[in-house]
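Q:
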Amino acid sequence: MTEDLMADLAAKQERLENCIRGVGCMIVAYSGGIDSAYLAFSAHRVLGDGMLAVIADSPSLARSHYRDAIAFAAEQKIPLKTLETTELEREAYAVNDANRCFHCKDELFTVLEKERERLAFDRVAYGLNLDDKKDFRPGQRAAVEHRIAAPLAEASLNKADVRALAKQAGLAIWDKPASACLSSRIEYGRRVTPENLRMVEEAEDALHGLGLKRFRVRHHGAVARIEIAEEELPAALDVSVMRRISTAVRKAGFQYVAIDCDGYRSGSMNEVLPVEVLLRSGKN
Numbered sequence: 026m027t028e029d030l031m032a033d034l035a036a037k038q039e040r041l042e043n044c045i046r047g048v049g050c051m052i053v054a055y056s057g058g059i060d061s062a063y064l065a066f067s068a069h070r071v072l073g074d075g076m077l078a079v080i081a082d083s084p085s086l087a088r089s090h091y092r093d094a095i096a097f098a099a100e101q102k103i104p105l106k107t108l109e110t111t112e113l114e115r116e117a118y119a120v121n122d123a124n125r126c127f128h129c130k131d132e133l134f135t136v137l138e139k140e141r142e143r144l145a146f147d148r149v150a151y152g153l154n155l156d157d158k159k160d161f162r163p164g165q166r167a168a169v170e171h172r173i174a175a176p177l178a179e180a181s182l183n184k185a186d187v188r189a190l191a192k193q194a195g196l197a198i199w200d201k202p203a204s205a206c207l208s209s210r211i212e213y214g215r216r217v218t219p220e221n222l223r224m225v226e227e228a229e230d231a232l233h234g235l236g237l238k239r240f241r242v243r244h245h246g247a248v249a250r251i252e253i254a255e256e257e258l259p260a261a262l263d264v265s266v267m268r269r270i271s272t273a274v275r276k277a278g279f280q281y282v283a284i285d286c287d288g289y290r291s292g293s294m295n296e297v298l299p300v301e302v303l304l305r306s307g308k309n
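Its first residue numbered 26, the sequence shown is counted upward by one per residue in our numbering.
1) Which of the three DSSP states is assigned to Asp263 in this structure?
2) What are the boundary residues of the alpha helix (DSSP H) that includes Phe97?
3) Do we get a CB-CB distance below 8 Å when we pair Val248 with the residues of chain D?
4) On a CA-only basis, which of Val149, Ala32, Arg40 and Ser89 is nearest Ser61? Give me that one, please.
5) Quick check on DSSP: helix, strand or coil for Glu109?
6) Opposite Asp82 in the DSSP bridges: which residues?
7) Taking the alpha-carbon positions, what's the Val217 to Arg162 distance?
8) Are the beta-carbon atoms belonging to Ala247 and Phe279 less than 8 Å from one another?
9) Whether or not the segment 79 to 96 and the segment 179 to 194 are in contact is what I'm after, with contact meaning three or more pairs of Cβ atoms, one per stretch, closer than 8 Å; do they touch?
10) When the Cα of Asp156 is compared with those of Met51, Ser291 and Val297, which residue comes out closest?
11) Hey, out of Cys129, Glu42 and Leu108, whose CA is closest to Glu116's CA?
12) Hey, is the segment 132 to 148 in contact with the segment 48 to 59, meaning 3+ C-beta pairs nearer than 8 Å?
13) Give me the DSSP bridge partner(s) of Leu77.
14) Taking the C-alpha atoms as reference points, what is the distance between Phe134 and Thr107?
15) Going by the CB atoms, is the gap between Ala277 and Ala228 shorter than 8 Å?
16) Which value, in whole angstroms, describes the spacing of the CA atoms of Asp33 and Asp186?
17) Could you spell out where the beta strand (DSSP E) holding Glu114 opens and where it closes?
18) Quick one: grab the DSSP three-state call for Arg46.
19) Alpha carbon to alpha carbon, what distance is there between His69 and Ala99?
20) Just confirm the distance between the C-beta atoms of Gly164 and Cys126, as a whole number of angstroms; I'd bet it's less than 8 Å.
21) If you draw a straight line from the alpha carbon of Leu235 to that of Leu41, how long is it in whole angstroms?
22) Over the uninterrupted beta strand (DSSP E) stretch that includes Ile251, give me the two end residues.
23) Which full runs of the beta strand (DSSP E) of 3+ residues lie inside the segment 121 to 197, going along the chain?
24) Once the 5 residues before and after Ala194 are set aside, which same chain residues still bring their CB inside 6 Å of it?
25) For Asp131, which residues in the same chain have their Cβ closer than 7 Å to its Cβ, ignoring the five residues on either side in sequence?
26) In the DSSP assignment, what residue or residues form a beta bridge with Ile211?
27) Residues in its own chain within less than 6 Å of Val225 by CB, not counting five upstream and five downstream?
28) By DSSP's criteria, Ile284 is part of a beta bridge. Which residues make up the other side?
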């Protein structure tokens, strides 16, 4: 790493720590993904016992992600609490339209705000980074309505910055693949149910067991559409491997299994949304 790059990362880390101090004692909305994990790590380093990471547990959180999140917090000695959220009981969430993420985050921040008040913390914070502002993310509107702090974005950190800082800090999660909730795998208009979430989770666990690393199982009813990262596609398209993929995914409850020729891309379910919906970026 060059001296200029080291100096740049040091300046970014200093900005982040100043933003964290500006927020004050905080609850960090923690999922175990790289952004919330690095925010929790930095907040604990700056605030000590003046922070608490809270992970929201529900059927939309994969058990493997939950275990990984708990393990990272334990490894870094970050104070952690698990609270249950009940977004699936909200009809507006379960119908799974383009604003599903808003209703999820509204439930999350409502629960966290109650915990914040109970513990007399100053603010709730979450792991929004600058790149997130470019995507269609209705949950950001919920964050604004609940006055949730976003120290990473406030410090002008993008996803690459967060990964670079995590790597510099020696955190094994620095290159962890994105880990959106299980509900994001279900096509818009198809209800989010515990059964549909189970099918996705079991299929993805099975594919991990086959050695795949960067992929998504998209739920289209009887059809599972498998997106596989470009670097893994050549091996996955071997006939014997495809048969193992098909067998594994069918066992999860899908009738048909299709491999997407365009490969893995984050947010692919949004490709079917009208342009005017995407332009709103979750705003009313």
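Idealized CB from N, CA, C, for every residue including glycine.
A: If we stick to the structure as given:
1) coil
2) Arg88 to Glu100
3) The structure shown has no chain D; it contains just one protein chain.
4) Val149
5) strand
6) Glu109
7) 18 Å
8) In contact: Ala247 and Phe279 (Cβ atoms closer than 8 Å).
9) Counting Cβ pairs under 8 Å, fewer than three are found: no touch.
10) Ranked by Cα distance from Asp156, the options Met51, Ser291 and Val297 are led by Ser291.
11) The residue among Cys129, Glu42 and Leu108 with its C-alpha nearest the C-alpha of Glu116 is Cys129.
12) Between the segment 132 to 148 and the segment 48 to 59 there are three or more inter-stretch CB-CB distances shorter than 8 Å, so the stretches are counted as touching.
13) Ile52
14) 14 Å
15) With respect to the 8 Å criterion, Ala228 and Ala277 are classified as neighbours on the basis of their beta carbons.
16) 10 Å
17) Counting along the chain, Glu114 sits inside no beta strand (DSSP E), nor does DSSP assign it H or E at all.
18) helix
19) 12 Å
20) 4 Å
21) 39 Å
22) Val248 to Ile253
23) 148 to 150
24) Setting aside the 5 residues that flank it on each side, Ala194 has no residue in the same chain whose C-beta is closer than 6 Å to its C-beta.
25) Ala167
26) His244, per the DSSP bridge assignment.
27) Leu207, Arg210, Val242 and His244
28) Ile251
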